[in-house]
Amino acid sequence: DTGTLAYDLPSYLREQGGDKSDCSLRPFPVSFAQLGWDHWIIAPHRYNPRYCKGACPRLLRYDYHAPNHAVVQSFVHQLVDANVPRPSCVPYRYSPISVLMIERDGGILYKEYENMIAESCTCR
Amino acid sequence: NQSPLSPGSLPAIPALPLLQALQLRAPGSQGWRAGSASGHPLRYMLNLYRRAADHEGRPRHGRSLGTNTVRLVQASSHRDQPWAGRWYVQPLTYHLEGQPEAEHLLRATVVYLPSLLLAHSRLLCALELVATGEAPGLLLNPATRPRHGWAEADVTPYLVLGNGSVGSLVLRHVCVRAGRAEGHDAPVALSHPFLLLYLNDTRAGLAPPVAEPRRHRR
Numbered sequence: 396d397t398g399t400l401a402y403d404l405p406s407y408l409r410e411q412g413g414d415k416s417d418c419s420l421r422p423f424p425v426s427f428a429q430l431g432w433d434h435w436i437i438a439p440h441r442y443n444p445r446y447c448k449g450a451c452p453r454l455l456r457y458d459y460h461a462p463n464h465a466v467v468q469s470f471v472h473q474l475v476d477a478n479v480p481r482p483s484c485v486p487y488r489y490s491p492i493s494v495l496m497i498e499r500d501g502g503i504l505y506k507e508y509e510n511m512i513a514e515s516c517t518c519r
Numbered sequence: 054n055q056s057p058l059s060p061g062s063l064p065a066i067p068a069l070p071l072l073q074a075l076q077l078r079a080p081g082s083q084g085w086r087a088g089s090a091s092g093h094p095l096r097y098m099l100n101l102y103r104r105a106a107d108h109e110g111r112p113r114h115g116r117s118l119g120t121n122t123v124r125l126v127q128a129s130s131h132r133d134q135p136w137a138g139r140w141y142v143q144p145l146t147y148h149l150e151g152q153p154e155a156e157h158l159l160r161a162t163v164v165y166l167p168s169l170l171l172a173h174s175r176l177l178c179a180l181e182l183v184a185t186g187e188a189p190g191l192l193l194n195p196a197t198r199p200r201h202g203w204a205e206a207d208v209t210p211y212l213v214l215g216n217g218s219v220g221s222l223v224l225r226h227v228c229v230r231a232g233r234a235e236g237h238d239a240p241v242a243l244s245h246p247f248l249l250l251y252l253n254d255t256r257a258g259l260a261p262p263v264a265e266p267r268r269h270r271r
């Protein structure tokens, strides 16, 4: 019933303003000592995997790269059955990091692991 | 007090390679510290790392090593040979058994110091491949001959023979002292050559190797 949607547009538009609680990428620098891996990982000293947190807005903006399924699920949650959860805020794009490690036999190992830093978020 | 899960009942989900590495390669943290790797090999790998990645570990674009894994292998401990007059000849064996099958060898080099400045003289060093059943002995030539610092000699052909990779590489580190005698034997053992294996780890979760940047031949 587009009438109600149009009627309710102001609150939708307000929401589109990007509420702080919206799904977004947040920093979380962590050291390998905190992860308990510093006795064998010698570089990098700092690692910021970042994470996605926040509610997925009711009208998923294009820049969320949300699949059609998430758009439908969002409508189902609002218009049909609130027991169906809103889509979740999860990482969309990642980038790798390189790690320098000490091996058990005293060797030294350089490795590039993919998908170690979240670069953007999406709703799914 | 659940009875411990028998391995058979655990879901056979392949752990992430990083977690696998943690489980398989992470030396037990019982008093084990990264400090056990030290000296030239550690400094060399830290420099290699800084060339390849920034301070947050992100691989630098265009400066890639051309692969996702580089392993430094140190020579197994040989008794250090005494000097014979001006000469120093040290046999070195690099054991390669136990390399993970998922790591495919792309290139192998031996890194060593062709010359070492001492107080009253200079050491000139070379690497000799020791003859084995399949390959004759020969003197190794470094790709570049820097006046100072490390040289890398390619040994890839001697690591991959017809029947797959060899189990070890045996070299001789030969040095001669040019100039006046020193009051004591030069500390050559500090700069034992070490082996670098450039590998492509084919397990999921490892960054696919980037095509090696084109090297402009001078």
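In the order they appear, the protein sequences are chains A and B.
Heads up, the first sequence is in this note's numbering, so the first residue is 396 and it goes up one at a time.
Heads up, the second sequence is in this note's numbering, so the first residue is 54 and it goes up one at a time.
Virtual Cβ for every residue (Gly too), placed ideally from N, Cα, C.
Problem set entry | As assigned by DSSP and simplified to three states, the class of residue 254/B | Position 201 of the second sequence holds residue 254/B. It is a strand residue.
For this session: Specify the secondary structure class of residue 206/B as computed by DSSP and reduced to three states.
Result: Reading the second sequence from its first residue, position 153 is the one you call residue 206/B. Residue 206/B: strand per DSSP, three-state reduction.
Exercise. Between the segment 475 to 483 of chain A and the segment 136 to 156 of chain B, do at least 3 Cβ pairs fall closer than 8 Å?
Worked result: no
Exercise. Is residue 499/A buried or exposed, if buried means 16 or more other CB atoms sit within 10 Å of its CB?
Worked result: The residue labelled residue 499/A in the question sits at position 104 within the first sequence. Looking at its Cβ environment, which holds fewer than 16 other Cβ atoms inside 10 Å, residue 499/A is exposed.
For this session: Under 7 Å Cβ to Cβ from residue 421/A, same chain only, skipping five residues before and after it: list those, please.
Result: Taking the first residue of the first sequence as 1, we reach residue 421/A at position 26. Same-chain partners within the cutoff: 445, 446, 448.
Exercise. Apart from the five residues just before and just after residue 513/A, which ones in its own chain have a Cβ nearer than 7 Å to its Cβ?
Worked result: Counting from 1 along the first sequence, the entry for residue 513/A is found at position 118. Only 420, 444, 445, 446, 447, 486, 489 meet the Cβ criterion.
Exercise. Who are the Cβ neighbours of residue 505/A in its own chain at under 7 Å, not counting the five residues just before and after it?
Worked result: Numbered from its first residue, the first sequence carries residue 505/A at position 110. Here the set comprises 493, 495.
Exercise. Should the segment 90 to 101 of chain B be called in touch with the segment 118 to 131 of chain B, which here means at least 3 C-beta pairs below 8 Å?
Worked result: yes
Exercise. Whose C-alpha, out of 211/B, 176/B, 226/B, 207/B, is nearest the C-alpha of residue 220/B?
Worked result: Numbered from its first residue, the second sequence carries residue 220/B at position 167. Out of 211/B, 176/B, 226/B, 207/B, 211/B has the C-alpha closest to the C-alpha of residue 220/B.
For this session: For residue 132/B, name the three-state secondary structure that DSSP assigns.
Result: The sequence position of residue 132/B within the second sequence is 79, counting from 1. Coil.
Exercise. Would residue 161/B count as contacting chain A if we go by Cβ distances under 8 Å?
Worked result: Your numbering for residue 161/B matches position 108 in the second sequence. It does not: the Cβ of residue 161/B has no partner Cβ on chain A nearer than 8 Å.
Exercise. Exposed or buried, what is residue 150/B when buried is set at 16 or more other beta-carbons lying within 10 Å of its beta-carbon?
Worked result: Your numbering for residue 150/B matches position 97 in the second sequence. Counting Cβ neighbours within 10 Å, residue 150/B comes out exposed, since fewer than 16 surround it.
For this session: Mind checking the segment 501 to 516 of chain A against chain B and listing, in chain order, the residues whose C-beta falls within less than 8 Å of any C-beta there?
Result: 501, 502, 503, 504, 505, 506, 507, 508, 509, 510, 511, 512
For this session: Give the C-beta separation of residue 223/B and residue 185/B to the nearest angstrom, bearing in mind that I take them to be a contact with Cβ-Cβ under 8 Å.
Result: Counting from 1 along the second sequence, the entry for residue 223/B is found at position 170. Counting from 1 along the second sequence, the entry for residue 185/B is found at position 132. With a Cβ gap of about 7 Å, residue 223/B and residue 185/B count as contacting.
Exercise. Rounded to whole angstroms, how far is the Cβ of residue 507/A from the Cβ of residue 258/B, which I believe are closer than 8 Å?
Worked result: For the purposes of this step, residue 507/A is identified with residue 112 of the first sequence, where counting begins at 1. For the purposes of this step, residue 258/B is identified with residue 205 of the second sequence, where counting begins at 1. Not confirmed; about 10 Å, so no contact.
For this session: Below 7 Å between beta carbons is the criterion; list the residues of the segment 89 to 113 of chain B that meet it against any residue of chain A, in chain order.
Result: 89, 90, 94, 95, 98, 99, 101, 102, 105, 106, 108, 109, 110, 111, 112
Exercise. Listed from N- to C-terminal order along the chain, which residues in the segment 415 to 445 of chain A have their beta-carbon within a distance smaller than 8 Å of any beta-carbon of chain B?
Worked result: 431, 432, 433, 434, 435, 436, 437, 438, 439, 440, 441, 442, 443
For this session: Answer yes or no: do residue 491/A and residue 260/B have a C-beta to C-beta separation smaller than 8 Å?
Result: In the first sequence, counting from the first residue as 1, residue 491/A sits at position 96. In the second sequence, counting from the first residue as 1, residue 260/B sits at position 207. A contact, by the Cβ cut-off of 8 Å.
Exercise. What separation, rounded to the nearest whole angstrom, lies between the Cα atoms of residue 111/B and residue 94/B?
Worked result: As a first step, residue 111/B must be located in the second sequence, where it is residue number 58. As a first step, residue 94/B must be located in the second sequence, where it is residue number 41. The alpha-carbon atoms of residue 111/B and residue 94/B are separated by roughly 22 Å.
Problem set entry | Cβ-based burial, residue 82/B [other Cβ within 10 Å; buried from 16] | The count along the second sequence starts at 1 and reaches residue 82/B at position 29. Because residue 82/B sits at a pLDDT of 44, beneath the cut-off of 50, its placement in the model cannot be relied upon, and the following sentence gives the value as read from the coordinates. It counts as exposed.
Problem set entry | Against chain A: residues of the segment 115 to 126 of chain B by CB proximity under 9 Å | 117, 118, 120, 121, 122, 123, 124, 125, 126
For this session: Return helix, strand or coil for residue 151/B, following the three-state DSSP convention.
Result: Residue 151/B sits at position 98 when you count from the first residue of the second sequence. Of the three classes helix, strand and coil, the one that applies to residue 151/B here is coil, per DSSP.
For this session: Identify the continuous beta strand (DSSP E) that holds residue 426/A and give its terminal residues.
Result: Numbered from its first residue, the first sequence carries residue 426/A at position 31. Per DSSP, residue 426/A belongs to no beta strand (DSSP E) and is neither H nor E.
Exercise. Nearest chain A C-beta to residue 133/B closer than 8 Å, yes or no?
Worked result: Taking the first residue of the second sequence as 1, we reach residue 133/B at position 80. So, not an interface residue.
Problem set entry | Exposure of residue 416/A, with buried meaning 16 or more beta-carbon neighbours within 10 Å | The residue given as residue 416/A occupies position 21 in the first sequence. It is exposed - the Cβ of residue 416/A has fewer than 16 other Cβ atoms within 10 Å.
Problem set entry | For residue 418/A, the nearest candidate out of 441/A, 458/A, 426/A (CA to CA) | Here residue 418/A is taken as the residue at index 23 of the first sequence, counted from 1. Among 441/A, 458/A, 426/A, the Cα nearest to that of residue 418/A belongs to 458/A.
Exercise. Between the beta-carbon of residue 165/B and the beta-carbon of residue 203/B, is there less than 8 Å?
Worked result: Start at 1 with the first residue of the second sequence, and residue 165/B comes out as number 112. Start at 1 with the first residue of the second sequence, and residue 203/B comes out as number 150. Yes, the pair counts as a contact, with Cβ atoms nearer than the cut-off.
Problem set entry | Residues sharing a beta bridge with residue 489/A, DSSP | Counting from 1 along the first sequence, the entry for residue 489/A is found at position 94. In DSSP, residue 489/A forms a bridge with 513/A.
For this session: Taking the CB atoms as reference points, tell me whether residue 226/B and residue 152/B lie closer together than 8 Å.
Result: In the second sequence, residue 226/B corresponds to position 173, counting from 1. In the second sequence, residue 152/B corresponds to position 99, counting from 1. Result no, Cβ atoms of residue 226/B and residue 152/B do not sit closer than 8 Å.
Exercise. When you compare each of 117/B, 176/B, 195/B to residue 182/B by their alpha carbons, which one comes out closest?
Worked result: Residue 182/B sits at position 129 when you count from the first residue of the second sequence. When only C-alpha atoms are compared, the closest one is 195/B.
Problem set entry | Any C-beta of chain B under 8 Å from that of residue 483/A | Along the first sequence, read from residue 1 onward, the residue named residue 483/A stands at position 88. Not an interface residue.
Problem set entry | Local conformation of residue 458/A per DSSP, three classes | The sequence position of residue 458/A within the first sequence is 63, counting from 1. The answer is helix: DSSP assigns residue 458/A an H, G or I state.
Exercise. What in chain B is Cβ-close to residue 491/A, meaning under 7 Å?
Worked result: Within the first sequence, residue 491/A is the residue found at index 96, counting from 1. 112, 260, listed in chain order.
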